[in-house]
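J.: Here it is: the structure, laid out below.
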Amino acid sequence: MFPPPLALPFTLLTLISSVLAQGSPEDYAPNVNQSCPDITTAPLVRVFTPQNQSLHPGEESFVSERLASVIPQAWSDWLGDGSGIGYNLSAFGNESAKIGISISGGGYRAAQYGAGVLSALDARNQSAKHAGTGGFLQVTSYLSGLSGGSWITGSLYFNDWPTLEDMVFGNDQLSGWLLDIDLATPDGDDLFSEKNQYFYGSILWSVIAKANKSIDTSITDPWARMISYHFLNQTTRDNFFTNDTAHGAGQLWSQIPNIPAYQSHQTPFPLIMADSRPAGSNSTGKLPPEPTVYEITPFEFGSWDPNLSAMVNMTYIGTHLTNGEPDNNTACVTAFDQAGFMMGTSASLFNQVFDAGTNELDKFGSDGSGIVYSLERQLRSVRTRADDVADWPSPFHGIKNDTFEDSDSTWLELVDGSTNGENVPLGPMFVKARGLDTIVAVDGSADDANAWPNGSSILHTQFRLANVLNTSHQLFPPIPSSPEEFISTGVRQRPTFFGCNPTQIPPEFPLVIYLPNSPPLNGDDPVTNTGTFKIDYTPLHSRIFVDQAHANTIGGFLPKSESVDPNWGQCLQCAAIDRSRFKLSPVIPRSDFCSKCFFQYCFEPTSPPDGAYIIGRKLVFVDPDPQGFSKLADFFADNKLAFIGGLVGLIVLVACLIGFLIWRKKRSQKAAQAKYQEIALYSEEREWTSGASYDPYEEKDFRTPTNQIEFHVDAQRDSYIEGTVATAYDPTYLTPRGEQKDLYTDFHSRVGSAETDDSEGTVVGEEHHEQDLLGHERTV
């Protein structure tokens, strides 16, 4: 669906008039025909091999400076002198472990789970600091996100690295994520409400502005704009349905280095991921491990995969390049790297759920209609390429045509970063050039029937590293061999360390700390195992969600206990510093305290843990703040015995009443029959008989004017979808097949027996005044 041609200019003019100094939705449009840099001195594309990898100078400088000037003090603040875990921190010198955190995909669930985990690792959170886990985030060098994990990643940077509490729930300066406002239908299910129409009008305004620059758009563009309203700055509850701000339009991924927290090296280095569908393949399912996986940093876009091994300058992404060269010196594009579009690309899952034949989105439930309306129907006026992916002009056209599958294509078709099964963005952390020692896998996947992870994601990553990336990336440490083993060992319901005992120096793989979304330790009802396609949360649900994720992360686990592990914070400190031992010569032995921690939390394939040690966990989701029918169902469930008793009593009462009425009716019928027979003896008309037929429709009008009027409006709305408006003066409209029909003739043919007044073309019956969507008043 899209607004009718007559309505769109009016809507856009209204929106334009309301824009103030904070930008405009049009800022979403890239800048075209820009001057290009001299590629002889500043190449736009750099190409390498797995054997001669190098980092972008901007990335290398930032990470090195943070490691040298910020992280040493952060280690000291977190561990003190190290004696609490059996070490002398000064003995490590500046040889600290290089650490990364990867946050999985999974929509709002993944974003909130990531927020709960990061808050538990953040020294700015007092409960985390008290538990000993707070401080891990401060010694981290890299942060990667994918899909919903990319939303929290982007949100942290474009809100200048706030506390997780303030970012999600707001403070005096921040409005929070506003997750109670539906992502696709913010003013409720009525797509045609005034506020929803303003929202969709603003979204479409941004998309058309981009399309008017001759940049192909797709379903990902309005999706990206919707994400921006919640995760970027500029949007508040008060201005959500206005255009007082640009709602994140114009905020660029390449501008992250200008953010104050980044400039002072208070943040890790950010990365987000996206998969690629081979151009022209039209694949609508999961991808195999071979297609190229891309990463997006503030400096570059590209892939470390051996088949490509190339990066392009992020500032000029959106420029068509052939063999690394633009068409001419003024053919460059800038501002294509809209932050919302970067996050939208990482979460562009529509190739898996959009059915172009029926215009439906699988798995979105009731929200699907709103998403289809805003993400696909409106794009019919601007769509020019594959509509179920993120369309990117290819900067790698002509490069490595012997190995790169999209070398001949001028466009890339990017999709959700989990499409190949890797839902935790670990790949960039294993790149050899980055040299990470310790990696945290924050797994908020929904793998089983109860929406809990079962290790499938990191199993896919382990397979891809071993079979596709074995020349360019580090190996993955030993893990359970199947999802079934993740379940049977209990590893999916507790923190676990993988790769605790390497056999080489330096270690042949990094240490992986696995933090899966899991039920509360104390046996409370779980609220964090929600569906990926749930796109609104009440404030109460969000609060309990983040609190449960936080509590689990600071709690660790105790075998055969529902209590928290009082030593977990220090055990996490042991894991964080462990790889630093291998940087020294000779290697410092693992302390006795840390050895005990590793015995409890490590996974060893030769002696795996027993899942029976995990007790008291509830797996089935319980809505903490039921609304509508869900709330009513819960009320009945909680009072079912009382209702059963009342229902039985009601049935008995109704049976008695029915019996009485039947008895009374029979008496009345006998009396009436005697009376009618007596009257018939004196009648001069036809003889009365008990077998006379009765026509229930004779002289009756059983029409339902309200339903007919609703059909009338729906028919008018259907005509809007195709861009032809049926009004009181012009009752014709086009069907989706291009057929011209008369609104009123089609209307009466569909309601069947409804009578019409031929002279006016209106339904005969009670007079009713109705306004159509253009404001024309008609009498029905």
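Letter by letter, the sequence shown follows residues 1 to 780 in the UniProt record's numbering. Don't be surprised by glycine CBs; every beta carbon is placed ideally from N, CA and C. Given the structure is predicted, the values throughout are model-derived calculations rather than measurements.
#1: Tell me whether Phe430 sits in a helix, a strand or coil according to DSSP, three-state version.
#2: Short check: CB of Thr217 to CB of Asp337, under 8 Å?
#3: My parser needs the beta strand (DSSP E) runs of 3 or more residues fully inside the stretch 57-110; what are they?
#4: By DSSP's criteria, Asp391 is part of a beta bridge. Which residues make up the other side?
#5: Taking the alpha-carbon positions, what's the Trp253 to Met273 distance?
#6: Inspect the beta-carbon positions of Ile71 and Ser102 and report whether they are closer than 8 Å.
#7: Quick check on the burial criterion: 16 or more other C-beta atoms within 10 angstroms. Buried or exposed for Gly523?
#8: Where do the ends of the beta strand (DSSP E) carrying Ser303 lie?
#9: Does the stretch 34-43 come into contact with the stretch 202-213, if we say contact requires no fewer than three beta-carbon pairs (one atom in each stretch) closer than 8 Å?
#10: Give me the Cα-Cα distance between Val415 and Gly106, rounded to the nearest whole angstrom.
#11: Consult DSSP for Glu290 and reduce its assignment to one of helix, strand or coil.
#12: Report the option in Ser585, Lys534, Ser472, His130 whose CA atom is closest to the CA atom of Ile505.
#13: Three-state secondary structure (DSSP) at Ser488?
#14: So, Pro516 versus Gly499, is the Cβ gap smaller than 8 Å?
#15: Let me know if His130 comes out buried or exposed under the rule of 16 or more other beta-carbons within 10 Å of its beta-carbon.
#16: Give the secondary structure of Gly145 by DSSP, where H, G and I count as helix, E and B as strand, and everything else as coil.
#17: Less than 8 Å separating the beta-carbons of Ser394 and Asp406?
#18: Under 6 Å Cβ to Cβ from Asp387, same chain only, skipping five residues before and after it: list those, please.
#19: For Thr503, count the other beta carbons within 10 Å of its own beta carbon; 16 or more makes it buried, fewer makes it exposed. Which is it?
#20: Counting only runs of 4+ residues fully inside the stretch 153-224, write out the alpha helix (DSSP H) ranges in chain order.
#21: Are the CB atoms of Ala261 and Asp160 within a distance shorter than 8 Å?
#22: Alpha carbon to alpha carbon, what distance is there between Ile577 and Asp437?
#23: Would you mind sorting Gly285 into buried or exposed? The rule is 16 or more other CB atoms within 10 Å of its CB.
#24: Applying the 10 Å Cβ sphere with the 16-neighbour rule, what's the burial state of Thr98?
#25: Quick one: residues in its chain with C-beta nearer than 6 Å to the C-beta of Gln112, no 5 flanking neighbours on either side, listed in chain order?
#26: Hey, quick one: how far does the alpha helix (DSSP H) through Leu465 stretch, first residue to last?
#27: When you compare only the Cα positions, how much space is there between Val333 and Val440?
#28: Nearest to Met311 by CA position, among Ile399, Leu349, Gln266, is which residue?
#29: So, do the stretch 452-466 and the stretch 477-496 have three or more beta carbon pairs nearer to each other than 8 Å?
#30: Go through its chain and collect everything with a Cβ distance to Asn313's Cβ below 6 Å, but skip five positions before and after it.
#31: Between Cys574, Asn52, Trp568, Ser561, which lies nearest to Ile614 when the distance is taken from Cα to Cα?
#32: Entirely within the stretch 509-583 and at least 4 residues each: give me those alpha helix (DSSP H) ranges in chain order.
#33: Looking at C-beta atoms only, is the number of pairs between the stretch 288-296 and the stretch 166-177 that lie closer than 8 Å three or more?
#34: Can you tell me where the beta strand (DSSP E) with Ala441 in it begins and where it stops?
#35: Quick one: residues in its chain with C-beta nearer than 6 Å to the C-beta of Gly100, no 5 flanking neighbours on either side, listed in chain order?
#36: In this structure, how does DSSP classify Asp474 when only helix, strand and coil are distinguished?
T.: Taking the definition as stated:
#1: Looking at Phe430 - three-state DSSP - the assignment turns out to be helix.
#2: For Thr217 and Asp337, no; Cβs fall outside 8 Å.
#3: Within the stretch 57-110, the complete beta strand (DSSP E) runs of at least 3 residues fall at 99-103.
#4: Assignment of beta-bridge partners to Asp391 by DSSP yields Glu413.
#5: Roughly 13 Å between the two C-alpha positions.
#6: For Ile71 and Ser102, no; Cβs fall outside 8 Å.
#7: Burial state of Gly523 is exposed, judged by a 10 Å Cβ sphere holding fewer than 16 other Cβ atoms.
#8: Bounds of the beta strand (DSSP E) holding Ser303 are 300-303.
#9: Not touching, per the Cβ criterion.
#10: Here the alpha carbons of Gly106 and Val415 stand approximately 14 Å from one another.
#11: In the structure shown, Glu290 sits in coil (DSSP, three-state: anything other than H, G, I, E or B).
#12: Answer by Cα proximity: Ser585.
#13: In the three-state DSSP reduction, Ser488 falls in the helix class (H, G or I).
#14: In this structure, Pro516 lies away from Gly499, with their beta-carbon atoms at least 8 Å apart.
#15: When all chains shown are included, His130 counts as exposed.
#16: Secondary structure of Gly145 (DSSP, three-state): strand.
#17: It is a contact, given that the beta carbons lie within the stated cut-off.
#18: So the qualifying residues of the chain are Ser218, Ile219.
#19: Exposed: under 16 other Cβ atoms inside 10 Å.
#20: List check, alpha helix (DSSP H) in window: 164-169, 194-211.
#21: It is a contact, given that the beta carbons lie within the stated cut-off.
#22: Approximately 9 Å, taken between the alpha carbons.
#23: With fewer than 16 other Cβ atoms from the protein chains shown falling within 10 Å of its own Cβ, Gly285 counts as exposed.
#24: A small fix is needed here, since residue 98 is Lys in this sequence, not Thr. Flag for Lys98 reads buried.
#25: Closer than 6 Å at the Cβ level, and outside the excluded window around Gln112, lie Phe545, Val546.
#26: Start and end: 456-467.
#27: About 36 Å.
#28: Closest option to Met311, judged by alpha-carbon separation, among Ile399, Leu349, Gln266: Ile399.
#29: Taking a cut-off of 8 Å for Cβ pairs, the stretch 452-466 and the stretch 477-496 touch, as three or more such pairs fall below it.
#30: Cβ within range, chain order: Leu44.
#31: Residue Ser561 holds the alpha-carbon nearest to the alpha-carbon of Ile614 among Cys574, Asn52, Trp568, Ser561.
#32: Runs found: 539-555, 568-578.
#33: Touching, no.
#34: Element bounds for Ala441: 438-443.
#35: Short of 6 Å from the beta carbon of Gly100, and not among the five residues preceding or following it, lie these beta carbons of its own chain, in chain order: Tyr142, Met429, Leu436, Ile439.
#36: One detail in the question is off: residue 474 reads as Gln in this sequence, not Asp. Secondary structure at Gln474: coil, using DSSP grouped into helix, strand and coil.
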